[in-house]
Amino acid sequence: MAVTDPAPSPRYRLVDGVTALYAVVVGAVALRVAPAAPGVWWVAGAHFLILPLIWMVRRPGQGRVGRFIAEVYPIALIAALYTALDLLRGPTRPAVHDALIQGWEQAVFGGQPSRDWWRAYPSLFWSTVLHGAYFMYYAIVPLPVLWFWFRKDLPALRRTVLIEMTAFVFCYLWFVFFPVAGPYYEFARPTGAFVQTFTARLVYGALATGSSYGAAFPSSHVAASVAAAGSAWLGDRRLGTVLIVFAALLTVATVYCQMHYAIDATAGLLVGGCTVWAVGRSGK
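The numbering used here puts the first residue of the sequence shown at -5, with every later residue one more than the last.
Structure follows, in structure tokens:
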């Protein structure tokens, strides 16, 4: 049985506007950068092509597969959009604002937790658990989307996609205009047995294929995980409870495993939480 729309709705939705806004802004930035970095032209073109994609997925008369794509396409684009952030910067690394963020870190936390925490308390157990929690990001984000699709809960599905996409777009635009490299790049990386656990190898393998320089503040991993957990909670308390636990562990993991400054994680919590609150309150 297919997922059906319980009530007539406009052809285009708020999530389409959020996605289109991001595509236009990043496309324009890419056009500005492209003369100095010719390889960036395709980044601009790819982002502007998102606009006709939105038109295509919103055409009436779609089959089951077409309707599924129409509901989830913003989240399906996330991996490509994230990768493009690194390409957008051209062949040279941009100036970053880590000194400022590290100053905030020092003022708020009295030190550099992302650099010092794992060194002060190295633990193979917590390395395994928290690297695993960090890797769970790749399951936390899509899980509520797929869950509500298979449950045929269209309002919850649409709310989830809107919440997650809004959190992602806020973070990604911040990365474009206020790049922060993060402790993964700024400090000497963990070594030894701490990074030889199975889960640590999974995380470092993923980073080797998809890390983006300058995308640390706010932590999109934390923001999107909180957004996913919060939207799951709004639609299904049992699923939400499970994902909240994983999102909490992931938030700790980003700092303990030296992936983000504690300020990054805090900002990610605020972005994700405020997005859930704003969209949930609006009834979208």
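Backbone N, C-alpha and C fix where the C-beta goes; we use that ideal spot for every residue, glycine too.
Run through DSSP, which three-state label would V174 get?
In the displayed model, V174 falls within a strand according to three-state DSSP.
Decide if M50 is buried, meaning its Cβ has at least 16 other Cβ atoms within 10 Å, or exposed.
Per the 10 Å Cβ criterion, exposed.
Looking at A24: is its Cβ nearer than 8 Å to the Cβ of V12?
Contact annotation: A24 and V12 have beta-carbon atoms that are not nearer than 8 Å.
Taking DSSP as the reference, what is the three-state secondary structure of A89?
Look at A89 here: in three-state DSSP terms it is coil, with no helix or strand label.
Determine the burial state of T185: buried for a count of at least 16 other Cβ atoms within 10 Å of its Cβ, exposed for fewer.
With fewer than 16 Cβ atoms within 10 Å of its Cβ, T185 is classed as exposed.
Going by alpha carbons, who is nearest to S108 out of I95, L118 and Y131?
The alpha carbon of S108 has as its nearest neighbour, out of I95, L118 and Y131, the alpha carbon of I95.
Proximity to P85 [Cα-Cα], best of Y128, R275 and A28
Of Y128, R275 and A28, the residue nearest in Cα terms is A28.
With C-beta atoms as the reference, is A17 less than 8 Å away from H41?
Cβ distance < 8 Å, so A17 and H41 count as in contact.
6 Å CB neighbourhood of A247 in its chain, flanking five on each side removed
Only L124, A127 and Y128 meet the Cβ criterion.
Would you call the CB atoms of L81 and V34 closer than 8 Å?
Yes, they are a contact pair.
When the Cα of C251 is compared with those of P212, T122, V155 and V139, which residue comes out closest?
Check the Cα spacing between C251 and each of P212, T122, V155 and V139: the tightest is with T122.
Please return the same chain residues whose Cβ sits closer than 8 Å to the Cβ of L244, not counting the five positions on each side in sequence.
If we look at L244 and ignore the five residues flanking it on each side, its Cβ neighbours are A127, Y128, M130, Y131, I134, H215, V216 and S219.
Helix, strand or coil at A64 according to DSSP, with G and I counted as helix
Correct three-state label for A64: helix.
Which same chain residues end up closer than 7 Å to V90 when comparing Cβ atoms and leaving out the 5 residues on each side of it in sequence?
Hits under 7 Å: P173, V174, A175 and G208.
3 or more residues per run - each beta strand (DSSP E) lying fully within the stretch 97 to 125
Taking 3 residues as the minimum length, the stretch 97 to 125 contains no beta strand (DSSP E) run wholly inside it.
Considering only the beta carbon of each residue, do S225 and R152 sit closer than 8 Å?
It is not a contact, given that the beta carbons lie outside the stated cut-off.
Please classify A43 as buried or exposed, where buried requires at least 16 neighbouring CB atoms within 10 angstroms.
It is worth fixing the name first, because residue 43 is Leu in this sequence and not Ala. Answer is exposed; the Cβ neighbour count stays below 16.
Use the C-beta contact count for G104: other C-beta atoms within 10 angstroms, 16 or more gives buried, fewer gives exposed.
The residue is exposed, with fewer than 16 neighbouring Cβ atoms inside 10 Å.
Please state if the CB of A272 and the CB of P212 are separated by a distance shorter than 8 Å.
Between P212 and A272, the CB-CB gap reaches or exceeds 8 Å.
Which of the three DSSP states, helix, strand or coil, is assigned to A210?
Coil, per DSSP.
Please tell me whether R52 and D110 are closer than 8 Å, where the distance is taken between their beta carbons.
No, these two residues do not count as a Cβ contact at 8 Å.
Find the nearest neighbour of R231 within the set W141, R275, L79 and I257, judged by alpha-carbon distance.
Of the candidates W141, R275, L79 and I257, the one whose C-alpha sits nearest the C-alpha of R231 is W141.
Taking all protein chains shown into account, decide if P68 is buried (16 or more other Cβ within 10 angstroms of its Cβ) or exposed.
Counting Cβ neighbours within 10 Å, P68 comes out buried, since at least 16 surround it.
Spatial neighbours of T160 within its chain, please: C-beta separation below 6 Å, excluding the five flanking residues on both sides.
Taking T160 as the centre and dropping the five residues before and after it, the same chain places the C-beta of V12 and T269 closer than 6 Å to its C-beta, in chain order.
L137 classed as buried or exposed, judged by whether at least 16 other C-beta atoms fall within 10 angstroms:
Classification for L137: buried.
Pick helix, strand or coil for A281, following the three-state DSSP scheme.
What is shown of the chain runs -5 to 278, which leaves residue 281 out entirely.
Check the C-beta distance from P149 over to H254 and give it rounded, since I have them as a contact under 8 Å.
That belief does not hold up - the Cβ atoms of P149 and H254 are roughly 33 Å apart, past 8 Å.
Outcome for L263 when other beta-carbon atoms lying within 10 angstroms are tallied against a minimum of 16:
The residue is buried, with at least 16 neighbouring Cβ atoms inside 10 Å.
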